[in-house]
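The numbering of the sequence shown is my numbering, which starts it at 3 and goes up by one.
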Amino acid sequence: MNPLPSIAAALRGLYSRLAPAGTAWCVAAGRLVRRLGWRGAGLALAALPALLLLYALLLIPFTPAISDIRKAATEQPAQIMSADGKRLTEFKRSNRVWVELKDMAPHVIDALIATEDHRFREHFGLDWRRTASSALHTLAGDRQGGSTLTQQLARNLYPEEIGRAPTLTRKLKEAITAFKIEAIYSKDEILETYLNTVPFLYNAYGIEMAARTYFDRSADRLDLLQGATLVGMLKGNSYYNPVLNPERALQRRNTVLAQMVKRGKLSAERYAALKARPLRLEFERQSESLGPAPHFAQQLRRWLIGWADRKGYNLYADGLVVHTTLDARLQAAANQAVARQGARLQSVADAGWRRSWNAQDPTVREIMRAAPEYQAARAEGLDDAQALKKLQADRAAMGRLREQKTRLQAGLLALDPRNGHVLAWVGSRGYEQDAFDHVQQARRQPGSTFKPFVYGEALRQGLRPDDKRQDREVEIDVGHGEIWRPRDGGPPSGRELSLREALAYSKNTITAQLVQEVGAAKVAKLARAMGVRQSKLEAVPSLALGTSPVSLKEMVSAYGTIANGGSYIEPVFVTRIENRQGQLLEEFEPATPEAVLDPRTTWELYDLMRGVVNRGTGRAIRSQYGIRADVAGKTGTTQDYADGWFILMHPQLVTGAWVGFNNSRITLRSEHWGQGAYSALPMVGELTSRALRARIADPRAHFEEPDSGNWLSRLWRDAGDWLLGQWSGIWNDLAGLWEEWLRTGKPARAPSSEVPVRDALPELVPEELPAEEVISPPPLPTEPDPLQEKIDQILSNEAAPTPAQP
Numbered sequence: 003m004n005p006l007p008s009i010a011a012a013l014r015g016l017y018s019r020l021a022p023a024g025t026a027w028c029v030a031a032g033r034l035v036r037r038l039g040w041r042g043a044g045l046a047l048a049a050l051p052a053l054l055l056l057y058a059l060l061l062i063p064f065t066p067a068i069s070d071i072r073k074a075a076t077e078q079p080a081q082i083m084s085a086d087g088k089r090l091t092e093f094k095r096s097n098r099v100w101v102e103l104k105d106m107a108p109h110v111i112d113a114l115i116a117t118e119d120h121r122f123r124e125h126f127g128l129d130w131r132r133t134a135s136s137a138l139h140t141l142a143g144d145r146q147g148g149s150t151l152t153q154q155l156a157r158n159l160y161p162e163e164i165g166r167a168p169t170l171t172r173k174l175k176e177a178i179t180a181f182k183i184e185a186i187y188s189k190d191e192i193l194e195t196y197l198n199t200v201p202f203l204y205n206a207y208g209i210e211m212a213a214r215t216y217f218d219r220s221a222d223r224l225d226l227l228q229g230a231t232l233v234g235m236l237k238g239n240s241y242y243n244p245v246l247n248p249e250r251a252l253q254r255r256n257t258v259l260a261q262m263v264k265r266g267k268l269s270a271e272r273y274a275a276l277k278a279r280p281l282r283l284e285f286e287r288q289s290e291s292l293g294p295a296p297h298f299a300q301q302l303r304r305w306l307i308g309w310a311d312r313k314g315y316n317l318y319a320d321g322l323v324v325h326t327t328l329d330a331r332l333q334a335a336a337n338q339a340v341a342r343q344g345a346r347l348q349s350v351a352d353a354g355w356r357r358s359w360n361a362q363d364p365t366v367r368e369i370m371r372a373a374p375e376y377q378a379a380r381a382e383g384l385d386d387a388q389a390l391k392k393l394q395a396d397r398a399a400m401g402r403l404r405e406q407k408t409r410l411q412a413g414l415l416a417l418d419p420r421n422g423h424v425l426a427w428v429g430s431r432g433y434e435q436d437a438f439d440h441v442q443q444a445r446r447q448p449g450s451t452f453k454p455f456v457y458g459e460a461l462r463q464g465l466r467p468d469d470k471r472q473d474r475e476v477e478i479d480v481g482h483g484e485i486w487r488p489r490d491g492g493p494p495s496g497r498e499l500s501l502r503e504a505l506a507y508s509k510n511t512i513t514a515q516l517v518q519e520v521g522a523a524k525v526a527k528l529a530r531a532m533g534v535r536q537s538k539l540e541a542v543p544s545l546a547l548g549t550s551p552v553s554l555k556e557m558v559s560a561y562g563t564i565a566n567g568g569s570y571i572e573p574v575f576v577t578r579i580e581n582r583q584g585q586l587l588e589e590f591e592p593a594t595p596e597a598v599l600d601p602r603t604t605w606e607l608y609d610l611m612r613g614v615v616n617r618g619t620g621r622a623i624r625s626q627y628g629i630r631a632d633v634a635g636k637t638g639t640t641q642d643y644a645d646g647w648f649i650l651m652h653p654q655l656v657t658g659a660w661v662g663f664n665n666s667r668i669t670l671r672s673e674h675w676g677q678g679a680y681s682a683l684p685m686v687g688e689l690t691s692r693a694l695r696a697r698i699a700d701p702r703a704h705f706e707e708p709d710s711g712n713w714l715s716r717l718w719r720d721a722g723d724w725l726l727g728q729w730s731g732i733w734n735d736l737a738g739l740w741e742e743w744l745r746t747g748k749p750a751r752a753p754s755s756e757v758p759v760r761d762a763l764p765e766l767v768p769e770e771l772p773a774e775e776v777i778s779p780p781p782l783p784t785e786p787d788p789l790q791e792k793i794d795q796i797l798s799n800e801a802a803p804t805p806a807q808p
């Protein structure tokens, strides 16, 4: 092919663009000669390159230092370790796997040099001929890049220091940095660094991650066409994206192959055979692995970035070794507990929503109105009813919508109350599907798990566990003419119940009386002191029943205050940080405990909450999970069964779980499984059981009563409490059966042995919201519920969950 016509055309274009400017320059030069003379004009013109050289020298201190360049090529990500010495994850600057040049397919290197910088082996960082040619073409209107591979590497490694604007200063900085790199590294080291740092979209950095992302193979197994496709992307990742723009990517790939022919790296015959072949992608995003505790890792990363900035370290390059409080064994058990119970509850939700997911349901109708398909139908001019009907007819879209919105979520957190160490953290049922953290970020109503703050304040003000209050109807004036009437699962019994019994059976009516006596503002103050410190608490009577949204982390921290004898300790993630040589950089001691409740009040509150698991709404901890250790806790269920909670305390371990949906209008549609005792408790029960068997927490540890007297008096008191609890439980069960008989004329239905027994105690119906917010819960069925029977049938073949060996 004769190149002369194209060269002539380029020169003509250059002349046409430069002619006006040349004329102006000639006029200016003439004026300069008349004013300064020939000698002065010559000196003035000679000063221009000298000034340019001086400017370049002045820029040298503002370019990356040699030590920085070395560090960029040898950076080591931070290693995150568990408390028991297991590697959890690493924090990398980008999603990249570094591979040596010998582990890359040779034709990838040939394609790169032939296309991007064919004189790479000859120059010292700057290709003068290519730079001059690029300048001429740019002036002629055909803008071309003139950067060498070394200059591109400098720009990729130091975008902030060098800059991105197309200015003379940036080009000079780029050239200076390229000279520095060439002075330090061999050509092969520069190629290796370049191919390991260049971005390829979809969070893939370097040739190895690009090979995995686009072709599902390693860099050493890339064939010629695949290597040419990836090299072709370097001119413009988005423009030549083979996933979104396959035609452009194919043309660019063939251009790369043609360049290889031109540079003698590929025969013309083989090029003719290869250029007609399709791309044949095997695309799959390569997500960054955050290990077994991804939500914990993300919280830790945010904290570490601040620490590294303050201390002058690079989290992604300095090889820091971070020792965390997380226990790898307990984290694995927590993941299994959430996965197992989540799958069971998901089947309940699927059964409940499958037949009712249509526009007749008000909740579904509102969700449909937010769907893109509905919005598109309205944009076409359809009215609301027509758009809903159109979406309803699209079975695929309705199926996707149901699957997205009815995906059950959960959070689980375990910590050591003695020092605030976080031991296990599960933020959702799957980080890939839902990165939202239901431990730290989510704010949900805690329901009855908030009641211990009311009873704690009552005990602090002098009430005793055996003080009695009548189970009666309560009416509280909340202002603006509104009356709040909290209720339980059935009509008030009229009996006198001790505070111990009232908390064990989660009596809303008595809790409402207590908050009136002690004051909602003081309850809120105590809750904040105990650990609920980020969420806003409304000091209104309904606060006693958990109507102010809080996070799971706050609630578990507050229960940790009880288990720690009344002293709050802020949760901590890290115990120490070392450098790559193992030298200690900083060690972190637990925060100073803050005394909130005196030891006697704390013990009484813990003892009250023992009743919940011994004979109350959380007794499955004993009967189903066989936990005999000294534990106490509280269940919680919110309006319409939107949230299920359970938090369990042991002197060395506090574990809490929440279960629900991201959209609080979506529920399990089951009064049975919607209760915290059946949704959240199994996760906590399984994890605690395994922790005790593995001796992560000592099963013999007891919460000691301060000034408890001699052992005989303690034994007598404990025996009396146990007998009283047994009799109270039997009496309440009989009372419930009698009330059912009077209301329906039929005996209560015997529960199936294959599913957990439905509790006949008051916790079964969630707490009522204040009058201005109240949504009446569904009445208890007087006839067998067909939907519930279907759900029971689905689950009847599943054995009750038994704790697995760690």
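Even for Gly, the Cβ is constructed at its ideal location relative to N, Cα and C.
Assuming residue i contacts residue j under a Cβ cut-off of 8 Å, what Cβ separation, rounded to an integer in Å, is found between them?
i             : j             : result
valine 534    : glutamate 556 : 4 Å
threonine 604 : glycine 658   : Rounded, the Cβ-Cβ distance is 18 Å, inconsistent with contact.
leucine 242   : alanine 260   : Contrary to the premise, residue 242 reads as tyrosine rather than leucine in this sequence. Going by Cβ atoms, the distance from tyrosine 242 to alanine 260 rounds to 15 Å, so no, they are not a contact pair.
threonine 819 : serine 559    : Here the chain has residues from 3 to 808 only, and residue 819 is not among them.
alanine 644   : tyrosine 608  : Going by Cβ atoms, the distance from alanine 644 to tyrosine 608 rounds to 29 Å, so no, they are not a contact pair.
leucine 554   : glycine 678   : In fact, because the Cβ distance is near 12 Å, the residues do not count as touching under 8 Å.
Leaving aside the five residues before and after residue i along the sequence, list all residues of the same chain whose C-beta is less than 8 Å from its C-beta, in chain order.
i             : result
lysine 94     : Pro79, Glu290, Tyr318
glutamate 477 : Ile485, Trp486, Arg487
glycine 584   : Val323
alanine 213   : Arg219, Ser220, Ala221, Arg223, Leu224, Gln228, Leu232
leucine 292   : Thr91, Ala299, Gln300, Tyr433
arginine 380  : Asp386, Ala389
glycine 620   : Val614, Gly635, Lys636, Thr637, Phe648, Leu650, Ala679, Leu683
Short of 7 Å in beta carbon distance, which residues of its chain neighbour residue i, apart from the five on each side in sequence? Order them along the chain.
i           : result
valine 552  : Arg445, Pro448, Val534, Ser537
leucine 587 : Ile579, Glu580, Asn581
When we look at the beta-carbon of residue i and count the other beta-carbons within 10 Å, is it buried (16 or more) or exposed?
i                 : result
asparagine 198    : buried
valine 245        : exposed
phenylalanine 217 : buried
glycine 464       : exposed
phenylalanine 285 : exposed
lysine 175        : buried
arginine 304      : exposed
glutamine 626     : buried
proline 573       : buried
For residue i, collect the residues of the same chain with a Cβ closer than 6 Å to its Cβ; drop the 5 residues on either side in sequence, then sort them by chain order.
i             : result
arginine 255  : Ala230, Thr231, Gly234
threonine 365 : Arg667
tyrosine 561  : Ile649, Met651, Val656
alanine 699   : His652, Gln654, Leu655, Ala693
glutamine 228 : Phe217
aspartate 119 : Thr150, Leu151
threonine 513 : Lys453, Val456, Ala546
lysine 264    : none
glutamate 589 : Arg578
When the Cα atoms are used, what is the spatial distance from residue i to residue j?
i                 : j              : result
serine 450        : leucine 683    : 14 Å
lysine 527        : isoleucine 629 : 33 Å
alanine 278       : glutamate 249  : 12 Å
valine 517        : proline 467    : 15 Å
alanine 522       : alanine 546    : 7 Å
glutamine 348     : valine 340     : 11 Å
glutamate 596     : alanine 531    : 9 Å
leucine 226       : alanine 156    : 27 Å
glutamate 375     : leucine 393    : 7 Å
glutamate 850     : leucine 283    : In the structure displayed, the chain extends from 3 to 808; residue 850 sits before or after that span and is not available.
aspartate 320     : glutamate 210  : 22 Å
histidine 674     : valine 99      : 49 Å
asparagine 337    : glycine 383    : 48 Å
phenylalanine 181 : glycine 308    : 34 Å
leucine 417       : alanine 206    : 36 Å
Cβ of residue i within 7 Å of any heavy atom in the ligand GDP?
i          : result
serine 149 : Of the ligands one can find in the structure shown there are none, so the ligand GDP has no counterpart to examine.
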